[in-house]
Amino acid sequence: DQQVKQNSPSLSVQEGRISILNCDYTNSMFDYFLWYKKYPAEGPTFLISISSIKDKNEDGRFTVFLNKSAKHLSLHIVPSQPGDSAVYFCAANSRGLTFGSGTQLTVLP
Amino acid sequence: KAGVTQTPRYLIKTRGQQVTLSCSPISGHRSVSWYQQTPGQGLQFLFEYFSETQRNKGNFPGRFSGRQFSNSRSEMNVSTLELGDSALYLCASSIMPGQNTEAFFGQGTRLTVV
Numbered sequence: 023d024q025q026v027k028q029n030s031p032s033l034s035v036q037e038g039r040i041s042i043l044n045c046d047y048t049n050s051m052f053d054y055f056l057w058y059k060k061y062p063a064e065g066p067t068f069l070i071s072i073s074s075i076k077d078k079n080e081d082g083r084f085t086v087f088l089n090k091s092a093k094h095l096s097l098h099i100v101p102s103q104p105g106d107s108a109v110y111f112c113a114a115n116s117r118g119l120t121f122g123s124g125t126q127l128t129v130l131p
Numbered sequence: 049k050a051g052v053t054q055t056p057r058y059l060i061k062t063r064g065q066q067v068t069l070s071c072s073p074i075s076g077h078r079s080v081s082w083y084q085q086t087p088g089q090g091l092q093f094l095f096e097y098f099s100e101t102q103r104n105k106g107n108f109p110g111r112f113s114g115r116q117f118s119n120s121r122s123e124m125n126v127s128t129l130e131l132g133d134s135a136l137y138l139c140a141s142s143i144m145p146g147q148n149t150e151a152f153f154g155q156g157t158r159l160t161v162v
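Structure (structure tokens):
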């Protein structure tokens, strides 16, 4: 039973435009969420996190939105750059990180 | 500040053997967690250690074990290796355990079981 779901395996975006990556969760006990970026054969790199007491957290080009009632979060990257091309994982932190299956983002020059 | 260091980076073992992987956390971080990444199952939580004690454990068989030393360094061991244990094993460290903390990952150990 997947408790954290990323339903889009891939996303392509033009350089300079907005990338929106989505994530849904089923466990209402989750109250802290993180986004990681991963290149092949490397460990995930922490990007940004959000606590359930907030509905938005911003860090530079990255903004995470949380909709608790819909059990949905999204990561916005503005503007997207070719170096952002990677696999993005959302995760919930509850007795260890529970990861989604990832979304491959490709930013086209 | 050095990041999370995992050794070795690559390892090839034969079915039935055992293997030990090592992780040195970021200086000052006292919590270490281990994860397995495979193409079929994605990233899965193995276990978490803090103050030399296992705090949480994922849904893996007893062949997977770990420990943490007084300097926060951690090792994980897999006994009686199976072909399906081939994976990227990732270690993550955080300042303290707990839900509202960020974890920072090492580059991983790529284990191949033949």
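Just so you know, the sequences run in chain order A and B.
Add 22 to a position in the first sequence, counting from 1, and you land on the number used in the numbering used here.
Add 48 to a position in the second sequence, counting from 1, and you land on the number used in the numbering used here.
We put the beta carbon where it would ideally sit given N, CA and C, even for glycine.
- Excluding sequence positions up to five before and after residue 119 of chain A, its CB lies within less than 8 Å of the CB of 56, 113, all in the same chain and listed in chain order.
- Excluding five sequence positions before and after residue 63 of chain B, the CB atoms of its chain that fall closer than 8 Å to its own CB belong to 129, 130, 131, 161, 162, given in chain order.
- Between the beta-carbon of residue 107 of chain A and that of residue 128 of chain A there is about 5 Å, and that keeps the pair under the 8 Å contact cut.
- With the criterion set as a beta carbon lying under 8 Å from some beta carbon of chain B, the segment 36 to 48 of chain A has no members that meet it.
- Annotation for residue 71 of chain A: 56 place their beta carbon closer than 6 Å to its own, counting only its chain and skipping 5 residues before and after.
- In terms of beta-carbon proximity, residue 54 of chain A lines the interface with chain B, with at least one pair separated by less than 7 Å.
- By the criterion of a C-beta distance shorter than 7 Å, residue 34 of chain A is surrounded in its chain by 128, 130, once the five residues flanking it on both sides are discounted.
- Take the alpha-carbon of residue 24 of chain A and the one of residue 61 of chain A: they are about 23 Å apart.
- Using a 10 angstroms sphere on the CB of residue 80 of chain B, the tally of other CB atoms reaches 16 or more, which defines it as buried.
- For residue 116 of chain A, the C-beta contacts it makes with chain B under 8 Å involve 147, in order along the chain.
- Beyond the five residues adjoining it in sequence on each side, residue 92 of chain B comes within less than 7 Å, by CB distance, of 83, 84, 106 in the same chain, given in chain order.
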